[in-house]
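In my numbering, the protein residues as written are 658 to 1140.
Using N, Cα and C, we set each Cβ at its ideal position, and we do this for glycine too.
Accompanying notes for the structure given below.
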Amino acid sequence: MPESESHQNERLPLDPDAETMRSLGYELIDRIVDHLTTLSDQRVGRRGTGAELAQLVDEPLPEQPGGIQDSFAFFFDRVVTGMTRVNHPRFHAHIPCPSSFAGAMGEMLAAGTNPFVGSWLGGGTLCSLEITVLRWICEMLGYPNDAAGVLTSGGSMANLIGLASARAEHDSDLLSNGRIYVSVEGHASVRKAARLLGFSDQTIQTIGVDDRYRMKTAELIDAINSDLAAGKEPFVVVANAGTTNTGSIDPLPEIADVCQRMKLWLHVDAAYGGFAAIDSGTEQAGSPEGTRRLLAGMERADSLTLDPHKWLYCPLGIGCVLVQRQDSLKRAFATEGHYLKDIPVEEVNFYERGPELSRPARVLAVWMVIRSSGRAALAHQIAEDIRLAQLAAALLREDDRFEVIDPDLSVVAFRHRSREGESEASRANRDTALMEATLADGELMLSSTLLNGINTLRLVVMNHRTTERDVHRSVRRIRELST
Ligand SMILES: Cc1ncc(COP(=O)(O)O)c(C=O)c1O
């Protein structure tokens, strides 16, 4: 046997021959399309103990090749069987991450061609494409077009980068003396980011909210003034453009005025709500108050967290941070290394905009979604999600057993009303029982939270696959399963 042939036979099955690659690729697409087109008939959620789920998916370390095709079968027959489907049209829990087919195709381009988007030398064209896509996002949201930005792994990383940029503006010792302001409804990732940056919990001042869960600006001003009087160094306010609990939008113009007057960095966490500001150029259906108006002031943020893997219908693993001043990111993430000496420093090197050096082409999914749909269709889809959330709220309100909080965006917060003489613990138990019953039933999935310490259920609509029929079906099942 010629040497090259024998070598070929010994190779690992990492790259099969061209024909096999094609047929495996077609098979995989067929399986994915079958999965997506039958989602509505599949169960939504699945709870399982470590032992139960390990029984589904665990196996000994493979010593011999199992093959790619066999791995497809394992994945669809066992992993998917035990999986909660966050793509499902009736997944109403948490903040859904409804990847679209266009987004998945973009991700496939990235996985298939594997560009490096850490430095200009490694991936100039893709860096250039990311710059274009970041500009598109700015344009869609009315954020300054010349902002610097970077696609991240998600909103948590974007919040970290925003806070790191705010800190990098100061030469002083902020770690012991600095002050960060965020409302009680701020996302947990803000506190986590502050801790990662070395700030103690005492550095974070939580500000109260009004009856619609929006930051109280007067309380913010008082907190800043009393910190200043105590010799502290206020440096950043984190405002919410769509809280996770209720979709509430803080009074952004007022907070931006405070920041401007007091020379504080304004970071807006718009991981959930930001893309609702996409300007469709037409009257937005389902959004009578005009979500764009609600989100006014977001464009004044020094840094802005967005999450394409939420309301831009991209696959999981794609967040975004935009920063108004080009040099702020560079100051926070300056990177040195002899092995980086060939890289053109005058171009955009994304390793100078965040903690990552090697980074994938997240841009391809975002680019694919925006390019294949266009701005108006995306704006329309988001407005449709908002309209369906309002429909869900109206349908729930028809049932006297529920108290419903009007959604600002697409989170419907609701809870059982107390019965005559019923304790709060017993009322809350009925909420929990309903949530668990829907999860066990599999028709839909809800989540729960505490609002002012009171147990509350959440029903979120954020999915291009969710139809009016799904909303009726979900609410009907909620009513049937409620006690
Ligand atoms: C308001 C808000 N901020 C930040 C995050 C964190 O984003 P990610 O889960 O993408 O890290 C979330 C997640 O749901 C969120 O709702």
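Asked: Residue 773 versus residue 779 - alpha carbon distance; Found: 6 angstroms
Asked: At least three beta-carbon pairs within less than 8 angstroms, the region 883-899 to the region 910-925; Found: yes
Asked: Cut-off 6 angstroms between Cβ atoms - residues of its own chain near residue 738, not counting five sequence neighbours on either side; Found: none
Asked: Within the region 858-928, ranges of the beta strand (DSSP E) (whole runs, at least 3 residues); Found: 861-864, 890-897 and 922-926
Asked: Any non-hydrogen atom of ligand 1 within 6 angstroms of residue 976 CB; Found: yes
Asked: Run of the alpha helix (DSSP H) containing residue 855, from where it starts to where it stops; Found: Run containing residue 855: none; DSSP gives neither H nor E here.
Asked: Pair within 7 angstroms by beta-carbon distance, residue 1007 and residue 807; Found: yes
Asked: Residue 658 classed as buried or exposed, judged by whether at least 16 other C-beta atoms fall within 10 angstroms; Found: At residue 658 the pLDDT is 45, less than 50, meaning the model places this residue with poor confidence; the figure from the coordinates comes in the next sentence. The residue in question, residue 658, is exposed, as its Cβ has fewer than 16 Cβ neighbours within 10 Å.
Asked: Residue 935: CB within 6 angstroms of a non-hydrogen atom of ligand 1; Found: no
Asked: Cβ-heavy atom distance, residue 864 to ligand 1, below 6 angstroms; Found: no
Asked: Cα-Cα separation between residue 781 and residue 1113, rounded to whole angstroms; Found: 48 angstroms
Asked: For residue 806, the first and last residue of its enclosing beta strand (DSSP E); Found: 805-809
Asked: Boundaries (first-last residue) of the alpha helix (DSSP H) holding residue 1083; Found: 1081-1098
Asked: Whole beta strand (DSSP E) elements within the region 929-1010, 3-residue minimum; Found: 960-963 and 976-980
Asked: Spatially closest choice to residue 715 from 679, 675, 996 and 732, by CA coordinates; Found: 732
Asked: Segment contact, 8 angstroms Cβ cut-off, at least three pairs: the region 986-998 with the region 755-767; Found: no
Asked: Distance cut-off 6 angstroms: residue 749 Cβ against heavy atoms of ligand 1; Found: no
Asked: Beta-carbon proximity of residue 1056 to residue 906, cut-off 7 angstroms; Found: no
Asked: Proximal residues to residue 1148 (C-beta, below 7 angstroms), its chain only, five neighbours per side dropped; Found: There is simply no residue 1148 to check, as the chain begins at 658 and stops at 1140 in what is shown.
Asked: One or two residues paired with residue 838 in a DSSP bridge; Found: 862 and 894
Asked: Three-state class that DSSP yields for residue 1070 in the structure shown; Found: strand
Asked: Of the residues 1105, 1111 and 1101, the one placed nearest residue 697, counting alpha carbons only; Found: 1101
Asked: Beta-carbon contacts of residue 1011 that lie in its chain and below 8 angstroms, excluding the five residues immediately before and after; Found: 807, 809, 814, 818, 978, 986 and 990
Asked: The beta strand (DSSP E) enclosing residue 1041, as first and last residue numbers; Found: Unbroken run through residue 1041 is the alpha helix (DSSP H), 1032-1054; no beta strand (DSSP E).
Asked: Among 1029, 1024 and 1106, nearest to residue 1072 - alpha-carbon criterion; Found: 1106
Asked: For residue 1059, the first and last residue of its enclosing beta strand (DSSP E); Found: 1059-1062
Asked: Beta-carbon contacts of residue 886 that lie in its chain and below 8 angstroms, excluding the five residues immediately before and after; Found: none
Asked: Buried or exposed (CB count within 10 angstroms, at least 16 for buried), residue 970; Found: buried
Asked: Spatially closest choice to residue 841 from 863, 835 and 1003, by CA coordinates; Found: 863
Asked: Option nearest residue 1015 by Cα separation, candidates 900, 931, 984 and 775; Found: 775
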